[in-house]
Structures are given as structure tokens and as C-alpha cells.
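What follows is a single structure, written as C-alpha cells, with notes after it.
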Amino acid sequence: MTQKMSWYGWILVMFREFIVEAATKSPYQVVNIYECKKTGFTKAVIKLSERHTIEKNISDIIIDNEFIECLDKKTIRTLTYMATVEHLKPDYSIIVQQMAEEVDEYILELKAKNNGTTIKKSLSELSSDRDLISKLNPIEANRVGYMAGVRETVKEYQLIKNEK
Numbered sequence: 158m159t160q161k162m163s164w165y166g167w168i169l170v171m172f173r174e175f176i177v178e179a180a181t182k183s184p185y186q187v188v189n190i191y192e193c194k195k196t197g198f199t200k201a202v203i204k205l206s207e208r209h210t211i212e213k214n215i216s217d218i219i220i221d222n223e224f225i226e227c228l229d230k231k232t233i234r235t236l237t238y239m240a241t242v243e244h245l246k247p248d249y250s251i252i253v254q255q256m257a258e259e260v261d262e263y264i265l266e267l268k269a270k271n272n273g274t275t276i277k278k279s280l281s282e283l284s285s286d287r288d289l290i291s292k293l294n295p296i297e298a299n300r301v302g303y304m305a306g307v308r309e310t311v312k313e314y315q316l317i318k319n320e321k
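Residue numbers (the numbering used here): 158 to 321.
Written out as C-alpha cells, the structure reads:
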């Protein structure tokens, strides 16, 4: 009789351990995080069950309250941080910098991060557009300001030289 009781006790203990483990384990699990080459956004591969996985943008995961409740706390914190860092990335980057043939002016070609469209602007147009400069990373914005400053200095020098 003691063997039967210990066997039943063992089953009961194992069942309790299973319940505790199942209760603490989150239904969804992040398997992989990568940056999509097409869109430039950070995506997560999420394991829904043993066999099913889906891919979602991190920003979409953070916005979806029902979905995020199925993840554990550390994963939520990490994904929120990554979405914030992604949001702070610049919207545009300089891909081409060339001299215009007719006028002594630089032409810059900017590429948008989200949809991949390109914009061609002269240095003087870009340096006067505060909104667009704020969407560049600080190093590229500094380069635009430096190039515009050098160009204006050369113009002033030429004006002074021509007056003499």
C-alpha cells in the first residue's frame, strides 16, 4: 500500500511541477531578431507553438497589447528598448554627393529609410531645410553644415577678391 501511495504521490508532484512550469512559461517566445534588408526595420521571429513561427516588426509587436501580453517581462523590456532605438534612427541618409556641372554647387542624393525613395537636393536647398536636416544622423547633418559653410566662405572670398 505504501508503494501505491508513493506512486500516486509521485504523479501528484509531477503534475504540480508541470502546472507550475506551464504557468510560468510564456505562450510566445522570440527565436530570432534581425534587420530586414527590404524595409530596414528590425523584425522578430516569434515561436507561437512548437511548430508555428511568425515574423513581425518590433514596433508592431510593441503596439499590439494582446500580443505583447503573451511574452515574458524581459522580452517585453528588450523589445521596447529596441523599438525606441529604432525610432531614434535617422529617417534619411546621404547616398550620393556630387558636383553640379553648370554651377559650382554640390548635389546631394538622400535615401529615405522607410520607403527607400530618393531625393536630390542642392546643398543650399538642403542647408535651409531644417526639417530635412533634423532627419539626418548628426554626422551627416554636420557634414552638410560644414560643406555649406565652406561654400559660403569661398563665395565671400571671391566677392572680396573681385572688389579689389
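Don't be surprised by glycine CBs; every beta carbon is placed ideally from N, CA and C.
In chain order, what residues of the same chain have a beta carbon less than 6 Å from the beta carbon of residue i, not counting five sequence neighbours either side?
i	result
residue 240	215, 216, 219
Roughly how many angstroms separate the alpha carbons of residue i and residue j, rounded to a whole number?
i	j	result
residue 276	residue 268	6 Å
residue 158	residue 169	Low confidence applies to residue 158: its pLDDT is 47, below 50, so where it sits in the model is not reliable, and the reading given next is rough at best. Near 16 Å, if we compare the C-alpha coordinates of residue 169 and residue 158.
residue 270	residue 178	42 Å
residue 247	residue 292	5 Å
residue 360	residue 301	Lying before the first or after the last residue shown, residue 360 is absent from the chain, which here runs from 158 to 321.
residue 318	residue 306	18 Å
residue 243	residue 273	16 Å
Just curious, the alpha helix (DSSP H) that residue i is in, first and last residue?
i	result
residue 279	From DSSP, residue 279 is part of no alpha helix (DSSP H) but of the beta strand (DSSP E) over 275-279.
residue 223	222-225
residue 320	295-320
residue 322	Nothing about residue 322 can be read from this structure; the chain reaches only from 158 to 321.
residue 250	Residue 250 -> not in any alpha helix (DSSP H); beta strand (DSSP E) instead, spanning 249-256.
Ignore the nearest five residues each way along the sequence and tell me which others in residue i's own chain have a CB closer than 8 Å to its CB.
i	result
residue 211	202, 203, 205
Under 7 Å Cβ to Cβ from residue i, same chain only, skipping five residues before and after it: list those, please.
i	result
residue 308	280
residue 264	255, 257, 277, 279
residue 193	200
residue 313	none
Quick check on the DSSP output: the beta strand (DSSP E) that includes residue i runs from which residue to which?
i	result
residue 268	263-269
Query - Stretch-stretch touch, CB-based, cutoff 8 Å, three pairs: the stretch 219-236 with the stretch 281-298 - result: no
Query raised in the report: For the stretch 183-191 against the stretch 166-175, are there 3 or more C-beta pairs whose distance is under 8 Å?
Result: no
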